[in-house]
Structures are given as structure tokens and as C-alpha cells.
Amino acid sequence: MAVERFPIEAGHIMLFARAIGDPNPIYYDPERAIAPPTFVQASAQFDPDYGLRPQIGRPWFGSGKTPSGLQRPAPSEGPSESGGGGGGGGERRGGGGGTGLHAEQHYEYHRPLRAGDVLTATTTPGQRWEKEGRRAGKLVFSESVTEYRNQDGELVVTARSVGVRTERAVEQ
Amino acid sequence: MTLKASELEEGQTFEAVVVENLTRTQIVQYAGASGDYNPIHTDEVFATQVAGYPSVFAHGMLTMGMTGRMLTDLVGDGRLLRFGGRFTSQVFPGDDLTTTATVEAVNEGDEPSVELKVSTTNQNGVEVFSGSAAARIDP
Numbered sequence: 008m009a010v011e012r013f014p015i016e017a018g019h020i021m022l023f024a025r026a027i028g029d030p031n032p033i034y035y036d037p038e039r040a041i042a043p044p045t046f047v048q049a050s051a052q053f054d055p056d057y058g059l060r061p062q063i064g065r066p067w068f069g070s071g072k073t074p075s076g077l078q079r080p081a082p083s084e085g086p087s088e089s090g091g092g093g094g095g096g097g098e099r100r101g102g103g104g105g106t107g108l109h110a111e112q113h114y115e116y117h118r119p120l121r122a123g124d125v126l127t128a129t130t131t132p133g134q135r136w137e138k139e140g141r142r143a144g145k146l147v148f149s150e151s152v153t154e155y156r157n158q159d160g161e162l163v164v165t166a167r168s169v170g171v172r173t174e175r176a177v178e179q
Numbered sequence: 002m003t004l005k006a007s008e009l010e011e012g013q014t015f016e017a018v019v020v021e022n023l024t025r026t027q028i029v030q031y032a033g034a035s036g037d038y039n040p041i042h043t044d045e046v047f048a049t050q051v052a053g054y055p056s057v058f059a060h061g062m063l064t065m066g067m068t069g070r071m072l073t074d075l076v077g078d079g080r081l082l083r084f085g086g087r088f089t090s091q092v093f094p095g096d097d098l099t100t101t102a103t104v105e106a107v108n109e110g111d112e113p114s115v116e117l118k119v120s121t122t123n124q125n126g127v128e129v130f131s132g133s134a135a136a137r138i139d140p
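Sequence order for the protein chains is U and H. Each residue of the first sequence is one higher than the one before, starting from 8 at the first, in the working numbering. Each residue of the second sequence is one higher than the one before, starting from 2 at the first, in the working numbering.
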């Protein structure tokens, strides 16, 4: 997975800040906006193949006439490559009980991320392991690491994401 | 706010309510902003009838985003060095979340920093995010 161009836009930062309930004025000032700490997750918006956004002209697995727009649950997509870069954090198409969930997310910040920067994101798959869970059956974990670099090629954020695919819905 | 190494002690805690009565609409807002439209978060019919959950639930990253707000309020803008953790329980509409940051270490010297343990819990005391952070601070 790679995002070739992730422009950091002031309006996008504002929408993101509203969504996380953060009234900090720096996020609402187009002249000096910096990105909130988890903002790079929104690079999913700029991933043309992102699986958790409806694609124009293609069936979507959410509800419409029927509870899911797909006849069968989408197959598991294998090791997570959507990771921190894809924004899905390893969450993949649900259905049939099992669900892709986000298990862990870790960020290292190398320099401030400002409106006007343009990033590229490169994701490499990491380890993969299994575990028997008490509340959701067999759990398959997969890790990915995404490096976000700015227009000058400087490393801005490193993101490590762990996704988990559960065998069934997590018991509450 | 700016933290000062000289005023911090190991074991010191900071706490803030990061959301009260989380709404489905806020979860949808987060889907729109982040680009993650997974119907387990945005589509009650799918979440209950297909995925088998009691309702839609929040993106882990919404919980982490709200937790991050508490941290940036505490340490200041652009001062985080690291922030990460595990999503230990799901967050549902109606939940109230509180984040606690505990000082684990204060590093003095040329580039002073603080290491924090970070925990977000719901109204029943169940931890939903368990992690840590580090930030630059003033001497």
C-alpha cells in the first residue's frame, strides 16, 4: 500500500478536529494550522484503492435493500497492508460474524505536520501471529509500518499499526 | 499549556473527560473526516444484522484521537514525540470516556521530555485504550 500524494489541507484538519471534538484554535486557523497527532490516519482519503470507502459503480458491503450489499462476506484480505497508512488500521470487511478490528496504533513524530505540507506514505507489512481469544474465537493479528515523508523527503511520522481479524463478533 | 521538567514528578496524574454521551453522529463525522466508512461504525443495520454487534461502535482511531486531544491540551501543540497504545475494549454510542495521563519519567538535560502512561476508560471503569506517550517539555 502506498499513498503517492497526501496533501495536508487546512479544511481537512478542521473537519478532523471537529470529529474528535477538539476545539483547539490552531486547528481552525488556515494560516497556521498544524495536524492533530492522529491526523495521518486520514491518508485513507487519498488511497485510490482503500477498501473501507464505497467505490463509485461497485457494490458496497454495507446495507441498502438488504443488510449487506454483498451476497457473501468479502474474503479476508490477508496480511494487513492498509495499516497506519491506509487509515483502516487493519480493519477489513466484516460479515459473517468475523470482523477486522484495529488492535494497536503507535506513532513516532519526527517533525511538525503543517497545512500546506504534501506527504507520501509507504507501508511495509510486518509480523503476523495468531492467538485464541476468549471473547471472539481465533484472532489473527497483522502488523504494518508506514513512513510518512514530506515534500522535501523528510520523515515526518512513522506509524505502526496492528490489525486483528476475529473469528466472530466480540462478545460484550 | 507548557509542562516544565522542574515542576513534574513521577506518579503525578492528569485527567480529563474526552467525551460525554458519544453520539452516532460523531462516529459518522469521524468516518467522513478520516475516510474510514466501515459499516460496522456507520451502519446500524449492518453492524447488528450482519456483523453481530449490539450497535455500531466507534473507530478505535476516534478513541485515540479524543485521547490525543487530552495529551495536546496537556503538553502543548507540536510537542509529542511518541503516542501509541492498544484498543482494549470497544466504545459504543452513549459512552462517556475519561483519559488519565500518569508521569512515568521526567528526563532533564538539554532536551527535556516527559514519559506518560495513558489510559482511557469508559463510564463503567473499563479501559478502552491503554498506551503511552512522550513529549518535549520546558526545563
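Positions of the beta carbon are idealized from the N, C-alpha and C atoms, including for glycine. Just so it is clear, the structure is predicted and the values come from calculations on it, not from any experiment.
Look at Pro14 of chain U here: in three-state DSSP terms it is strand. Here the alpha carbons of Asp159 of chain U and Ala135 of chain H stand approximately 26 angstroms from one another. Pairwise C-beta distances place the region 29-47 of chain H out of contact with the region 105-125 of chain H, as fewer than three of them are shorter than 8 angstroms.
For Ala48 of chain H, the CB contacts under 8 angstroms within the same chain, skipping 5 residues up- and downstream, are Pro40, Ile41, His42, Tyr54, Ser56, Val57, Phe58 in chain order.
Nearest CB-CB separation between Gln50 of chain H and chain U: below the 8 angstroms threshold. Ranked by how close their Cα comes to the Cα of Val20 of chain H, the residues H:Thr100, H:Glu128, H:Val107 have H:Thr100 in first place. For the 8 angstroms CB-CB criterion, Ile138 of chain H and Ala6 of chain H form a contact.
In the DSSP assignment, Glu8 of chain H forms no beta bridge with any residue. Assigned with DSSP and collapsed to three states, Ala136 of chain H falls in strand. Taking the Cα positions, His117 of chain U is about 46 angstroms away from Thr73 of chain U. Interface annotation for the region 26-41 of chain H against chain U: Gln27, Gln30, Tyr31, Gly33, Ala34, Ser35, Gly36, Asp37, Tyr38, Asn39, Pro40, Ile41, criterion Cβ-Cβ distance under 8 angstroms.
Between Phe13 of chain U and Phe93 of chain H, the alpha-carbon positions lie close to 30 angstroms from each other. If you check each beta-carbon in the region 20-36 of chain U against every beta-carbon of chain H, the ones closer than 8 angstroms belong to Leu22, Phe23, Arg25, Ala26, Ile27, Gly28, Asp29, Asn31, Ile33. No Cβ-Cβ contact shorter than 8 angstroms links Phe46 of chain U with Ile63 of chain U. When the five nearest sequence neighbours on each side are left out, the beta carbons in the same chain lying within less than 7 angstroms of the beta carbon of Val104 of chain H are those of Leu9, Glu10, Glu11, Gly12, Gln13, Val115, Leu117, in order along the chain.
The three-state secondary structure of Glu16 of chain H, taken from DSSP, is strand. Under the Cβ distance rule, Asp139 of chain H does not count among the residues neighbouring chain U, no pair being separated by less than 8 angstroms.
By the Cβ test, the region 124-134 of chain U is in contact with the region 145-152 of chain U, since at least three Cβ pairs between them sit closer than 8 angstroms.
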